[in-house]
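Engineer: Here it is, the structure, as structure tokens.
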DNA sequence: ACCTGAACACCGTTCAAGT
DNA sequence: ACCTGAACACCGTTCAAGT
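Protein chains in written order, with our numbering: chain F, 278 to 470; chain A, 278 to 470.
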């Protein structure tokens, strides 16, 4: 029993530390030896929980997607309107950036795409699709603009891409307020309702 | 004399091969040993031309910025109008993506920001600022919308960030047509005039 | 001036060995 | 069940040594 608890705790610690480093330094910047030091074990031990770096990355990303999906779905379940939903959406990426200049994993790992194992690439796509599906639902709440189904799909993809770009721009300047300014411009220009 | 030519040629070869790999695999994905194989020398020899990886990266990026600046400035010198300029601008990133699913170095290296040596970080900012300065000039050509100076600055930053995001989104799906669709949506939504 | 092999401390991964 | 040291082929970098 206590062994099971310890195992879960160690696995949790690995995944949490890995997620933070991935958001900070990317997939290539994640080192098993550094990770092991943070968790308090040897690097070879990480392979007991995650046989390869790819499996660790995929597991971290899968949970990351699930957590954000739960939060976002909760907003719709609460019956919040479109403006509030989109404000809370852009705030998610804003908070990430303000938390140590970190990136959303969807954007960070999209850049590293060619260097990623297939299972991680697949989870990057899952994350993006989850975001886009949610944005589609939110855009359907609109009572003002009224776009067709295809236009809403395209708009959702465009908003997701634009938010990633804004985060990237803010990060490279080490200045989270740049993200805020860009997102504000997306709104005034009409990209985000 | 022939030695000078050979030196220049080798340095050129290194920079060209490095640029292609950087656009493909990022800074972390650039290996001196792999690069040396492509050029036909040993990895230790690269250090003769570029003492560190950071200096190589900064040199590649500096030229990359200068080349794009020359092309973009040429468009304005020719007296092309705003629509044509912006179309040619988005086509630059489209072409990059269609050329082996490669990324613009400004976006690729922005993601890797935390892992980059200071001289490379500085060149990433130079590249972004060059793009934004040019976009400001193009937006000032507008005869229809008329935005204030501050609004134009903001719009230029937003367009640059959004284009990077669109490229990122297309790349992670290995599908350049996604870039086209997103950029089209930026136009219909009003972000890009 | 230009190039190299060898060494150094890093990396993910494997595996036999420990408890 | 969980952890480890040692080995392997990688990495950027350094440097003495070659031409």
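Virtual Cβ for every residue (Gly too), placed ideally from N, Cα, C.
Note that this is a predicted model, so its numbers are computed, not measured.
(1) Output, in chain order, the set of chain F residues within a Cβ distance shorter than 8 Å of residue 308/A.
(2) Quick check for students: name the residue ranges of the alpha helix (DSSP H) that lie wholly in the stretch 301 to 363 of chain F, counting only runs of 4 or more.
(3) Where are the beta strand (DSSP E) runs, 3 residues long or more, that stay fully inside the stretch 385 to 463 of chain A, in chain order?
(4) Around the C-beta of residue 379/F, are 16 or more other C-beta atoms found within 10 angstroms, so that it is buried, or is it exposed?
(5) Of all the residues that make up the stretch 444 to 469 of chain A, which are near chain F by a beta-carbon distance shorter than 9 Å?
(6) If we count the other Cβ atoms within 10 Å of its Cβ and call it buried at 16 or more, is residue 400/A buried or exposed?
(7) Rounded to the nearest angstrom, what separates residue 489/A and residue 359/A at their Cα positions?
(8) Using beta-carbon positions only, say whether residue 312/A and residue 294/A come within less than 8 Å of one another.
(9) With DSSP run on the structure shown, which of helix, strand or coil describes residue 380/A?
(10) Return no unless some Cβ of chain F is closer than 8 Å to the Cβ of residue 320/A.
(11) Within 10 Å of its beta-carbon, does residue 372/A have 16 or more other beta-carbons around it, so buried, or fewer, so exposed?
(12) Quick one: what's got a C-beta closer than 6 Å to residue 292/F's C-beta in the same chain, skipping five residues either side?
(13) Return the chain-ordered list of same chain residues with a C-beta closer than 6 Å to the C-beta of residue 440/A, the five sequence neighbours on each side being excluded.
(14) Applying a beta-carbon distance threshold of less than 8 Å, which residues of chain F neighbour residue 427/A?
(15) Please confirm if residue 356/F has its CB atom under 8 Å from at least one CB of chain A.
(16) Rounded to whole angstroms, what's the CA-CA distance from residue 280/A to residue 431/F? Just pull it up for me.
(17) Should residue 259/A be flagged as near chain F, meaning a C-beta pair shorter than 8 Å?
(18) For residue 291/F, does the three-state DSSP call read helix, strand or coil?
(19) Would the beta-carbon of residue 392/F fall within 8 Å of that of residue 306/A?
(20) Exposed or buried, what is residue 243/A when buried is set at 16 or more other beta-carbons lying within 10 Å of its beta-carbon?
(21) Do residue 429/F and residue 468/F come within 8 Å of each other at the CB atom, strictly closer than that value?
(22) Are there 16 or more other CB atoms within 10 angstroms of the CB of residue 314/A, so buried, or fewer, so exposed?
(23) Can you tell me whether residue 321/F is buried or exposed? The criterion is at least 16 other CB atoms within 10 Å of its CB, across all chains shown.
(24) Does the stretch 402 to 414 of chain A come within contact of the stretch 395 to 411 of chain F, defined as at least 3 CB pairs closer than 8 Å?
(25) Does the beta carbon of residue 361/F sit closer than 8 Å to a beta carbon anywhere in chain A?
(26) What three-state label does DSSP hand residue 468/F in the structure shown?
(27) At a CB distance below 7 Å, what residues from the stretch 370 to 384 of chain A approach chain F? Give them in sequence order.
(28) Roughly how many whole angstroms lie between the Cα atoms of residue 470/A and residue 463/A?
(29) Taking the alpha carbon of residue 316/A as the reference point, which residue from 387/A, 345/A, 298/A and 466/A has its own alpha carbon closest?
(30) Using a Cβ cut-off of 9 Å, which residues of the stretch 284 to 304 of chain A contact any Cβ in chain F, in chain order?
(31) Looking only at its own chain, which residues have a Cβ that is under 8 Å from the Cβ of residue 387/F, when we skip the five neighbours before and after it?
(32) Output yes if chain A places a C-beta closer than 8 Å to the C-beta of residue 399/F; else output no.
(33) Comparing alpha-carbon positions, which option in 427/A, 453/A and 444/A lies nearest residue 459/F?
(34) Please report the distance separating the alpha-carbon of residue 424/A from that of residue 433/A.
Structural biologist: Reading from the atomic positions:
(1) Translated into the one-based positions of the second chain, residue 308/A becomes position 31. Within chain F, no residue comes near residue 308/A; the closest Cβ sits about 11 Å away, beyond 8 Å.
(2) 309 to 316, 320 to 326 and 330 to 354
(3) none
(4) Counting from one through the first chain, the residue named residue 379/F turns up at place 102. Residue 379/F should be labelled buried.
(5) 444, 445, 446, 447, 448, 449, 450, 451, 455, 456, 458, 459, 460, 461, 462, 463, 465, 466, 467, 468 and 469
(6) By one-based count along the second chain, residue 400/A stands at place 123. It is buried - the Cβ of residue 400/A has at least 16 other Cβ atoms within 10 Å.
(7) Residue coverage of chain A in this structure runs from 278 to 470, which leaves residue 489/A outside it and unanswerable.
(8) Counting from one through the second chain, the residue named residue 312/A turns up at place 35. Counting from one through the second chain, the residue named residue 294/A turns up at place 17. Going by C-beta atoms, residue 312/A is nearer than 8 Å to residue 294/A.
(9) Locating residue 380/A in the second chain gives position 103, counting from the first residue. Three-state result, residue 380/A: coil.
(10) Here residue 320/A refers to the residue found at position 43 of the second chain. Chain F contact via Cβ: absent.
(11) As a first step, residue 372/A is located in the second chain; it is residue number 95 there, counting from the start. By the 10 Å Cβ count, residue 372/A comes out exposed.
(12) Counting from one through the first chain, the residue named residue 292/F turns up at place 15. Closer than 6 Å at Cβ, skipping near neighbours: 337.
(13) In the second chain, counting from the first residue as 1, residue 440/A sits at position 163. Hits under 6 Å: 370.
(14) Counted from its first residue, the second chain places residue 427/A at position 150. The contacting residues do not exist; residue 427/A stays about 10 Å from chain F at best.
(15) Here residue 356/F is taken as the residue at index 79 of the first chain, counted from 1. Chain A contact via Cβ: absent.
(16) Mapped onto the second chain, residue 280/A falls at position 3. Mapped onto the first chain, residue 431/F falls at position 154. Low confidence applies to residue 280/A: its pLDDT is 39, below 50, so where it sits in the model is not reliable, and the reading given next is rough at best. One C-alpha to the other measures close to 56 Å.
(17) For chain A, the structure presents residues 278 to 470; residue 259/A sits outside this window and is missing.
(18) Here residue 291/F refers to the residue found at position 14 when the first chain is read from its first residue. Helix.
(19) Here the question's residue 392/F lines up with position 115 in the first chain. Here the question's residue 306/A lines up with position 29 in the second chain. A contact, by the Cβ cut-off of 8 Å.
(20) Missing from the structure shown is residue 243/A; chain A here goes from 278 to 470 and no further.
(21) The residue given as residue 468/F occupies position 191 in the first chain. The residue given as residue 429/F occupies position 152 in the first chain. Going by C-beta atoms, residue 468/F is not nearer than 8 Å to residue 429/F.
(22) In the second chain, residue 314/A corresponds to position 37, counting from 1. Residue 314/A comes out exposed.
(23) Here residue 321/F corresponds to residue number 44 of the first chain, with the count starting at 1. It counts as exposed.
(24) no
(25) As a working note, residue 361/F is residue 84 in the first chain. No, no contact with chain A.
(26) Against the first chain, residue 468/F aligns to sequence position 191. If DSSP states are grouped into helix, strand and coil, residue 468/F belongs with coil.
(27) 380 and 384
(28) The sequence position of residue 470/A within the second chain is 193, counting from 1. The sequence position of residue 463/A within the second chain is 186, counting from 1. Each residue's Cα considered, the two are about 9 Å apart.
(29) As a first step, residue 316/A must be located in the second chain, where it is residue number 39. When only C-alpha atoms are compared, the closest one is 298/A.
(30) 301, 302, 303 and 304
(31) Counting from one through the first chain, the residue named residue 387/F turns up at place 110. Contacts found: 401, 405 and 441.
(32) As a first step, residue 399/F must be located in the first chain, where it is residue number 122. It does not; no Cβ of chain A falls within 8 Å.
(33) As a first step, residue 459/F must be located in the first chain, where it is residue number 182. When each option's Cα is compared against that of residue 459/F, the closest is 427/A.
(34) As a working note, residue 424/A is residue 147 in the second chain. As a working note, residue 433/A is residue 156 in the second chain. Straight-line Cα distance between these residues: approximately 11 Å.
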